[in-house]
Amino acid sequence: MSRYLLRRLAFAIVTLLAVVTVTFFLVRLAPGGPFDGERRLPPDVEANLRAAYDLDQPVVVQYGRYLARLARGDLGPSFRQKDFSVNELIAMGLPISVGIGLAALSLALLLGVAGGTFAGLSRDGPRDRMLVLGATLGLALPPIVVAPVLVLVFAVTLGWFPAGGYATAKHFVLPAVTLALPYAAAFMRLTRGSVAEVLQRPHVVTARAKGLGPLRLVTRHVLPSALMPVVSFLGPAAAALLAGSMVIEEVFSLPGLGRYFVQGALNRDYTLVTGAVIVYAALVLAFNLLVDLGYARLDPRIRHA
C-alpha cells in the first residue's frame, strides 16, 4: 500500500507542476495585460508598475521567480486588488467554495445512492420509471438553468431561502442544491445499474433464498459491491463540482474562490488567476488521491496493478 501511495503522490506532484507551468504561460499569452483599461496609464507609471511586478523581465525569468515564491507558499500579490495578496484572497474565498462543494457532494451522494438503490431493487417497476425520469431531467438541465428557477420559486415566491449572499447557513442551501442535482442523477444511474447487476450474483440469490431480510440483504451483500462504480466516480464529480461552483458563485453573489477567479480572468490579474487554478488543481488531485486510496482499499488488485 505504501508503494502505491508513493506512486500516486509522485504522479500528483508532476501533474500539479504541469498545471502551474501551463497556466503561468497561458495567462501571459492572452491578449491585453493587467494594466490595460479604458484610460491608458502614462508610460512612466506603467513602466514602474511592470517593474514592481517583474513584468519587465523575460517570461522565463518571471517563471523562475514565481516558482521560487511558490516553493515558499507565496502566491504573489494581486495586480488589481492591491490591499490583499493572492494568499489572503484565496484564504477568504476557499472556505466558501469548499463548503458549497462538500455540501453539494454530500447531498448528491445521499440522493443518488438512495434513489439508485430503490430503483435497482424495483427494476422496470413504476418506482424505477419515476426515478429514472427524475434522473434524466437532472442530467438534462444545466445548473445555470436550474439556479434562476430555484431562486424564483424558493426565494422570490415562497421566501424560504435568501436569493444571494452568505450570512447564514440558509444562504448555502440553494447553491448546494443547484450543484448537487445533476450529480445526484449521475450517482443514481450508476447505483441503479450496479444494484440490479449485483442482485443477480449467486451469493445474493442464495442469501435471498435463505430468507435474509431486505434491509440486511442490501446493506451486507448488495451495497458493498454495488458502490464500487460510485466510489470511482467521486473524483471526477468533485472536480466538476469545483469547476461548476465558479458560475454558481456569480449567480448567487457568493464571494468564493470561483468568483475571485472570474474577476481575475476579466481583469487579467495574472497572479490571482494562476493562484486560483493551482488551488483548484491541488484540491482535485488531493480528492482523487483519497478516492484512489479508498478504491485500492476496497479492491486489493488495484494496489498490485
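At position 200 of the sequence shown the residue is numbered 353 (our numbering), and the sequence of numbers has no breaks. For glycine and all other residues, C-beta sits at the position ideal for the given N, C-alpha and C.
Exposure label - residue i; buried when at least 16 CB within 10 Å
i: H356; result: exposed
i: T174; result: exposed
i: T289; result: exposed
i: P211; result: exposed
i: N441; result: buried
i: P377; result: exposed
i: S398; result: buried
i: I166; result: exposed
i: S250; result: buried
i: G409; result: buried
i: R421; result: buried
Residues near residue i in its chain [Cβ-Cβ closer than 7 angstroms; skip 5 each side]
i: A360; result: L370, H374
i: F271; result: R280, L284
i: F237; result: S231
Residue i vs residue j beta-carbon contact at 7 angstroms
i: G226; j: R345; result: no
i: F314; j: V306; result: no
i: A320; j: A308; result: no
i: V437; j: A392; result: yes
i: G246; j: Y413; result: yes
i: L394; j: G254; result: yes
i: D209; j: R218; result: no
i: A300; j: V404; result: yes
i: L334; j: G364; result: no
i: V351; j: L387; result: no
Among the options, the one whose alpha carbon lies nearest that of residue i
i: T331; options: E241, A257, V384; result: A257
i: L343; options: I401, V172, G265; result: G265
i: P328; options: I166, V298, M381; result: V298
i: P295; options: Y336, L262, L311, V306; result: Y336
i: A339; options: L446, T372, P382; result: P382
i: A349; options: A171, G278, L228, T176; result: G278
i: A390; options: L262, D422, S275; result: L262
i: G417; options: F178, R233, R161, S155; result: R233
i: P184; options: A224, L419, T310; result: L419
Residue interval of the alpha helix (DSSP H) (run including residue i)
i: G254; result: 239-274
i: L162; result: 155-182
i: V299; result: 296-303
i: L332; result: 326-351
i: A362; result: 355-362
i: A221; result: 212-224
i: S406; result: It is not in any alpha helix (DSSP H) - S406 carries neither H nor E in the DSSP assignment.
i: A293; result: 279-293
i: A320; result: Premise fails: A320 is in no alpha helix (DSSP H) and is neither H nor E.
i: A316; result: No alpha helix (DSSP H) contains A316, which DSSP labels as neither H nor E.
i: S378; result: 376-379
Proximal residues to residue i (C-beta, below 8 angstroms), its chain only, five neighbours per side dropped
i: S347; result: G269, G273, S378, A379, L380, M381, P382, V383
i: L169; result: I431, A434, A435, L438
i: L228; result: R222, S238, V239, N240, I243, T424, T427, G428, I431
Residues of its chain near residue i, where Cβ-Cβ distance is below 6 angstroms and the 5 sequence neighbours each way are ignored
i: M341; result: G265, G268, G269, A288
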